[in-house]
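Right, one structure below, let's go through it.
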Amino acid sequence: MKVTMQKPVLPVGPVHPLQEEMEYFQLTVDGEIVTDIDVRLSYNHRGIEQISETLQFDQVPFLVSRICGICSASHPLAYVQAVEELAQITPPERALYVRTIINELERIHSHILWVGLAGHFIGYETVFMWAWKYREPVLDLLEAITGNRNNYGNVKVGGCREDIDPELVPEMLKALDPIAQKMEMLTKAVLDDPILHARLKGVGILSKADAIRYAVTGPTARASGVPIDVRRDDPYAMYGDLDWNVITQEEGDVFAKAVVRLLETLEAVKIVRQALQQLPGGPVAVEVREIPPGQGVGHVEAPRGETFHYVRSDGGNRPVRHKARAPSYVNVPSFKASCIGQKMSDVMITLAAVDPCYSCTERIAVVDARHGKVLYTYEDLLRRSREETERIRERFV
Amino acid sequence: MNDQELRGHIETLSDRLTGLEQPLRTRYYLTCEAEQVYEICRFLFEDVRARFVIATVIDNDDNYEIVYHFAVDERGTVINVQAFLRDRDHPTVASITPFLPGAEWIEREMHDLMGIHFEGHPRLERLILADDWPDGVYPLRKGGAS
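Given below as structure tokens:
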């Protein structure tokens, strides 16, 4: 008798609305090895682009800051830059500094969050605890400037809504020192740890050629040797005038992505410090009376990569079309290149390495497609990922 | 590649274009008919080595318009290719996914929401809409899904 066995399918998802991309990964596995991956998204499509067409130009930043809780500075900034481009508005210099500071603080707290979760996934709970602890002072700084820890609602067409209180600047500069110090410690701890080298190097490699074909952006591209960064390539806010480096790595594996994010955090602290030191006086906004017909493009280097907004106006008070593209929309499909051939214990961290929506992975389960029986739960996969680390650790002891 | 060389590259496309504007040093707006999209995008991706950013589909009442956004990061430049699909009953355009896998999702999204058919797409299945969404109803078209 011939027995045909369907290969088990491992569904990751569907989703939880934390970020703008709602994902459902379906991994086909052959024993321990992933042989195919399919992604579906939009389980919580909110129709942001269409809602935007019903709002006035000045209301849209509040809408797009809610595309993503973590990138709530990047999306409105990209939109505002698109409108400023089409209406030929130049915001005052102080506003450009304030935008730079907020967007870099956002990058710091987002990257720290990633490092903590990556640690959690591979069984490094100390890194997880450290990350959460050291992220708090960054959020405090954001709160001091905008009044909010997230969803800052600070950027508007023509400038910013809230100014930085000049009396707070010395205190904020002082608060940056321990942040930089702790990030250096965390970076060194990761770079010097032989177990992490063994656990993450060579895992989930995205080659340079695939990075270009899938048009990925941000740390995902830079860790694969594609040296692109909107802040340097098409400078906005004050990035063109400040001294900082674009971090790239050649390997394309999970370790390279971790290195890029950790070193970028240190660069971001450098940028915030310079911007606070050089902060000029003057107003933070110009008056905007009307938006003429036309079209404009705004893009911003968000923590996960390029956030791209396209706005078209017919001269009315609302956009006739507004397109928003978040970086994960192009980064996530690259799993097709980086996950196939990986062990299941490595997939968790490979999926996380791109920094997509984490809450998705909490609904992970392995199902035998034939019987619909759950083979593994989220906890099982987490345990497998950690056991892999433990096995490597034992080799070193 | 400097700015002039980039402009030179783009000008070699002029036979295929109906318009070429450069309002800023770093922004190009090219207009063309739908039939030219495949060759223009292939040229930008393979010869100019531009990065595909995303595409925007717009319902212009008497036609559909797809704006393909490309970036030449080396020059910080964004090239927007505005293609017009004149046949409102059967809006069809060649898929660019066969040479540019990064376009797979957005073409499926435009197919879902605006009912554009992408010829040669390897897998023109639903991405955004639910599996039980009725066929032939496209939420982003003017007049909505009613």
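Those protein sequences? They're chains A and B, same order as listed.
Taking the numbering used here, the leading residue of the first sequence gets 179, the next gets one more, and so forth.
Taking the numbering used here, the leading residue of the second sequence gets 7, the next gets one more, and so forth.
From the three backbone atoms N, C-alpha and C, an ideal C-beta is built for every residue, glycine too.
Counted within 10 angstroms of its Cβ, other Cβ atoms place residue i as buried (16 or more) or exposed
i         : result
Thr268(A) : exposed
Gly142(B) : exposed
Glu262(A) : buried
Val408(A) : buried
Gly474(A) : buried
Met307(A) : exposed
Gly550(A) : Its pLDDT being 44, under 50, Gly550(A) is placed unreliably by the model, and the measurement read from it follows with that caveat. When all chains shown are included, Gly550(A) counts as exposed.
Val347(A) : exposed
Pro481(A) : buried
Arg218(A) : buried
Gly247(A) : exposed
Lys352(A) : exposed
His96(B)  : exposed
Met350(A) : buried
Thr485(A) : buried
Glu41(B)  : exposed
Ser506(A) : buried
Gln520(A) : buried
Gly336(A) : buried
Lys366(A) : exposed
Glu17(B)  : exposed
Asn423(A) : exposed
6 Å Cβ shell around residue i - same chain, five flanking residues per side excluded
i         : result
Asp341(A) : Val462
Ser578(A) : Residue coverage of chain A in this structure runs from 179 to 575, which leaves residue 578(A) outside it and unanswerable.
Asp214(A) : Thr206
Thr443(A) : Ile286, His289 and Met361
Arg490(A) : Gln473, Val498 and Arg499
Leu106(B) : Phe51 and Phe58
Asn328(A) : Gly247 and Ser250
Cβ-based neighbour list, residue i, same chain, cut-off 7 Å, excluding 5 preceding and 5 following
i         : result
Arg55(B)  : none
Asp216(A) : Gln204
Leu135(B) : Asp118
Leu233(A) : Leu241 and Arg496
Trp292(A) : Arg439 and Asp533
Leu130(B) : Arg114, His117 and Phe124
Ile229(A) : Leu241
Glu80(B)  : Met7
Residue i, DSSP secondary structure in three states
i         : result
Thr83(B)  : strand
Ile300(A) : coil
Val462(A) : coil
Val59(B)  : strand
Thr37(B)  : strand
Asp93(B)  : coil
Asp558(A) : helix
Thr32(B)  : coil
Arg482(A) : coil
Gly294(A) : helix
Arg496(A) : coil
Arg490(A) : strand
Glu468(A) : coil
Val54(B)  : coil
Inter-residue CB distance, residue i and residue j (contact presumed, cutoff 8 Å)
i         : j         : result
Ala256(A) : His477(A) : 6 Å
Val84(B)  : Thr37(B)  : Wrong, their Cβ atoms sit about 15 Å apart, outside the cutoff.
Met116(B) : Val43(B)  : That pair is no contact at about 12 Å.
Glu568(A) : Gly301(A) : 7 Å
Ile583(A) : Val432(A) : Given a span of 179 to 575 for chain A in the structure shown, any question on residue 583(A) remains unanswerable.
Gly418(A) : Arg272(A) : 16 Å between Cβ atoms; not a contact.
Ser243(A) : Gly331(A) : 6 Å
Leu146(B) : Asp65(B)  : 7 Å
Close beta carbons around residue i, own chain, < 8 Å, minus the five adjacent residues each side
i         : result
Glu39(B)  : Thr24, Ala89, Phe90 and Arg92
Pro372(A) : Phe574
His375(A) : Phe433
Glu231(A) : Arg496, Pro497, Val498, Arg499 and His500
Met120(B) : Val63, Asp65, Tyr70, Pro97, Tyr144, Leu146 and Arg147
> What are the complete alpha helix (DSSP H) segments, minimum 4 residues, inside the region 306 to 384 of chain A?
Replying inline: Annotation: the region 306 to 384 of chain A contains the following complete segments of the alpha helix (DSSP H) (minimum length 4 residues), in chain order: 347 to 369 and 372 to 378.
>> My parser needs the beta strand (DSSP E) runs of 3 or more residues fully inside the region 100 to 151 of chain B; what are they?
In response: Secondary structure remark: continuous beta strand (DSSP E) runs of at least 3 residues inside the region 100 to 151 of chain B, in chain order: 123 to 125.
>> Which runs of the alpha helix (DSSP H) at least 4 residues long sit entirely within the region 388 to 437 of chain A? Give them in chain order.
In response: Counting only runs of 4 or more residues that sit fully inside the region 388 to 437 of chain A, the alpha helix (DSSP H) segments are 396 to 400 and 408 to 411, in chain order.
> Can you list the alpha helix (DSSP H) stretches of 4 or more residues lying completely in the region 185 to 273 of chain A, in chain order?
Replying inline: Runs of the alpha helix (DSSP H) inside the region 185 to 273 of chain A: 226 to 230, 238 to 242 and 252 to 265.
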